[in-house]
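Here the sequence shown stands for residues 448 to 760, numbered as in the numbering used here.
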Amino acid sequence: MYTDSEGNILIIVNDKETQDFLSALLMGESYKTKVCSNQADGLETLAKEPFNLIISDFRATYINGIEICKAIRGSFILRNIPIIILMDKKDPMDKIKVIYAGADDYIDKPFDPGEFLARVKASLVRMTRDLDANPLTKLPGNVSILKELDLRIKAHSRFAVGYLDLNKFKEFNDRYGFEMGDRVILHIALIIIKALEAYGSHSDFLGHIGGDDFIFITAPDSVEEICKKIINDFDTSILDFYNEEDKKRGYVIMKNRLGQLCKIPPLSLSIGIAANEHRPLTHVGQIIQIGNEVKNYAKTFGKSIYIKDRRRA
Numbered sequence: 448m449y450t451d452s453e454g455n456i457l458i459i460v461n462d463k464e465t466q467d468f469l470s471a472l473l474m475g476e477s478y479k480t481k482v483c484s485n486q487a488d489g490l491e492t493l494a495k496e497p498f499n500l501i502i503s504d505f506r507a508t509y510i511n512g513i514e515i516c517k518a519i520r521g522s523f524i525l526r527n528i529p530i531i532i533l534m535d536k537k538d539p540m541d542k543i544k545v546i547y548a549g550a551d552d553y554i555d556k557p558f559d560p561g562e563f564l565a566r567v568k569a570s571l572v573r574m575t576r577d578l579d580a581n582p583l584t585k586l587p588g589n590v591s592i593l594k595e596l597d598l599r600i601k602a603h604s605r606f607a608v609g610y611l612d613l614n615k616f617k618e619f620n621d622r623y624g625f626e627m628g629d630r631v632i633l634h635i636a637l638i639i640i641k642a643l644e645a646y647g648s649h650s651d652f653l654g655h656i657g658g659d660d661f662i663f664i665t666a667p668d669s670v671e672e673i674c675k676k677i678i679n680d681f682d683t684s685i686l687d688f689y690n691e692e693d694k695k696r697g698y699v700i701m702k703n704r705l706g707q708l709c710k711i712p713p714l715s716l717s718i719g720i721a722a723n724e725h726r727p728l729t730h731v732g733q734i735i736q737i738g739n740e741v742k743n744y745a746k747t748f749g750k751s752i753y754i755k756d757r758r759r760a
C-alpha cells in the first residue's frame, strides 16, 4: 500500500467518464488522485502540489500531451516525475514523438485495467529506485548528482559545477528553529532555480546534497552570471526570515559553547566553482574535491561570494 506521499497521482484527462474510471481504479489500489480536465489547470496544479506520477491524454480538447511532457521535463523541480500518456491511435510516429518529448510510458485506449495498474506500479517503482530525491526540496540527491557528473565527464563536454553552501546556518537554526531553517532551504532552492532559468539552459542540472548544500551544473560561459544572480537575490531577501529586532540590529546575539555572548551576522552563502575550460576534469572525486576546496576558501570571506577555480593544467 502507498502512502499519500508515495502514490500521489495527477490525472490530466478531458473525458469525464475516463476521469471517473481512472480515479476509481487507482483509489481502489490506495493511490491518491487529483483530476484536471485541461492542460493549463494540470500544469498550474503541478506547480502547487507534489505528485509522484502524471497520467495524461495524448491529445484531447485543451490537452496536448507532448506540450505537457516538454513543460515538465523543462522544470528543475518537476523534471523527474514519471509520465504515462494515454494514446488514442496506433500510429507508431505518435508514440515515438511522445517518448522523445519525455514520457516514460504510454498505453493504448481502450486499456485493460490490470495492465494499466501494472504500468502505474512499475513507473512508481522506477521512480523510487532511480531518483533519490531530497524529501524537502524534491531535487535529485547524491546518487543522481554523482551519476550526472559522471555523464558530463564521459560526454567530454564543457561544463562548470557550482558547489553552494550557507554560512552560519547552524546558528540560524539554533536561533529560529528547524522549521524556519527548512523555509530558508526551500528559499535558496527557488533562488538557484530562477538563476538557472534566467542565465542557464535546458541541459543544466540542480541537485540537493543535503542540509544547506547544493550542486548545480551549467556551461562555463554562464556560471558567473548565475552566481551573481543567486548572491544578489539571496542577499536582498534573506533578512525577511529574521525578526524585526535582529533586522534592526544587523546581527543575532547568541551564546557560544563557552557561554560567551557573540554577534552572529546574517546568513550569507559561499559558492565554489570547478570548471573544465582550462584543465581536464576526469573524475567525479576530482570535481568534488576542487569544488569543496574553493567553496571552503570562499567561506573565509564572511560574506556572500563565489570563487571560481582558475588553475590551469
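Beta carbons are placed, not taken as given, at the ideal position from N, Cα and C, and that holds for glycine.
Beta-carbon proximity list for residue i, same chain, < 7 Å, skipping 5 on both sides
{"i": "Asp504", "result": "Ile459, Val460, Asn461, Ile510, Gly512, Leu533"}
{"i": "Phe652", "result": "Glu595, Phe663, Ile664"}
{"i": "Gly647", "result": "Thr665, Ser669, Ile673"}
{"i": "Ile737", "result": "Ala721, Asp756"}
{"i": "Leu686", "result": "Lys694, Pro713"}
{"i": "Glu514", "result": "Gln486"}
Secondary structure of residue i, DSSP reduced to three states
{"i": "Asp552", "result": "strand"}
{"i": "Leu457", "result": "strand"}
{"i": "Ile685", "result": "helix"}
{"i": "Asp680", "result": "helix"}
{"i": "Ser717", "result": "strand"}
{"i": "His634", "result": "helix"}
{"i": "Thr480", "result": "strand"}
{"i": "Lys755", "result": "strand"}
{"i": "Leu596", "result": "helix"}
{"i": "Lys710", "result": "strand"}
{"i": "Lys746", "result": "helix"}
Candidates the options, of which the one nearest residue i by Cα
{"i": "Asp693", "options": "Leu708, Leu493, Pro713", "result": "Pro713"}
{"i": "Pro557", "options": "Leu525, Gly654, Leu469", "result": "Leu469"}
{"i": "Ser717", "options": "Leu586, Lys755, Leu686, Ala607", "result": "Lys755"}
{"i": "Gly654", "options": "Tyr623, Arg757, Pro497, Leu611", "result": "Leu611"}
{"i": "Pro497", "options": "Ile711, Cys483, Arg520, Asn455", "result": "Asn455"}
{"i": "Ala645", "options": "Arg696, Ser570, Gly732, Gly521", "result": "Gly521"}
{"i": "Cys516", "options": "Lys542, Ala548, Leu472, Pro727", "result": "Ala548"}
{"i": "Leu637", "options": "Lys676, Phe619, Asp467", "result": "Lys676"}
{"i": "Ser684", "options": "Gly475, Leu500, Ile635", "result": "Ile635"}
{"i": "Lys536", "options": "Arg506, Arg630, Asn620", "result": "Arg506"}
{"i": "Ile423", "options": "Phe681, Ser650, Phe688", "result": "Limits of the chain in this structure are 448 at one end and 760 at the other, which puts residue 423 out of reach."}
{"i": "Gln733", "options": "Tyr478, Leu473, Lys568, Asp597", "result": "Asp597"}
{"i": "Asn690", "options": "Lys641, Phe619, Asn679, Ile678", "result": "Phe619"}
{"i": "Phe472", "options": "Thr492, Val567, Lys746", "result": "Reading the sequence as shown, one finds Leu at residue 472 and not Phe. Answer by Cα proximity: Val567."}
Neighbour-count burial assignment, residue i, 16 or more Cβ in a 10 Å radius
{"i": "Cys709", "result": "exposed"}
{"i": "Arg757", "result": "exposed"}
{"i": "Leu571", "result": "buried"}
{"i": "Met448", "result": "Caution applies to Met448, whose pLDDT of 36 falls short of 50 and renders its modelled position unreliable; the value that the coordinates give is listed next. Answer is exposed; the Cβ neighbour count stays below 16."}
{"i": "Arg599", "result": "buried"}
{"i": "Asn723", "result": "buried"}
{"i": "Ala565", "result": "exposed"}
{"i": "Val590", "result": "exposed"}
{"i": "Pro587", "result": "buried"}
{"i": "Lys495", "result": "exposed"}
{"i": "Gly489", "result": "buried"}
{"i": "Leu643", "result": "buried"}
{"i": "Phe661", "result": "buried"}
Any C-beta of chain C under 8 Å from that of residue i
{"i": "Asn461", "result": "Chain labels in this structure do not include chain C; a single protein chain is all it has."}
Same chain, Cβ closer than 6 Å to residue i, five either side skipped, listed in chain order
{"i": "Lys463", "result": "none"}
Cβ-based neighbour list, residue i, same chain, cut-off 8 Å, excluding 5 preceding and 5 following
{"i": "Asn485", "result": "Ile459, Asn461, Thr508, Tyr509, Ile510"}
{"i": "Lys765", "result": "Nothing can be reported for residue 765: it is not among the residues displayed for the chain, which extend from 448 to 760."}
{"i": "Met574", "result": "Asn499, Leu500, Asn527, Ile528, Pro529"}
{"i": "Phe616", "result": "Gly628, Val631, Gly658, Asp659, Leu714"}
- request: Could you tell me whether the stretch 688-707 touches the stretch 722-741, using the rule of 3 or more Cβ pairs below 8 Å?
  value: Not touching, per the Cβ criterion.
Specify whether the stretch 735-743 and the stretch 604-623 touch according to this definition: at least 3 beta carbon pairs, one from each stretch, less than 8 Å apart. Yes, they touch.
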